[in-house]
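Accompanying notes for the structure given below.
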Amino acid sequence: MPLKKGTSKETVSKNVKTEMKHGKSQKQSVAIALNQARKSGKKIPKKDK
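In this text, residue positions in the sequence shown follow my numbering: the first is -2, and each later residue adds one.
The structure is reproduced here in structure tokens:
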């Protein structure tokens, strides 16, 4: 199932839940959901190591 496009907290949260349902870890799910939000235009800075 493709992830939802959008930048709201609700959309990001639903994308995280979708990824976790498909067997991804929580950290990986959050990273994927935030990346999708960035592609949709949200200004989310990348975490520095």
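Idealized CB from N, CA, C, for every residue including glycine.
Taking 7 Å as the cut-off, the Cβ atoms of residue 26 and residue 17 count as close.
In this structure, the CA atom of residue 36 is about 20 Å from the CA atom of residue 21.
Here residue 4 is near residue 34, since their CB atoms are less than 7 Å apart.
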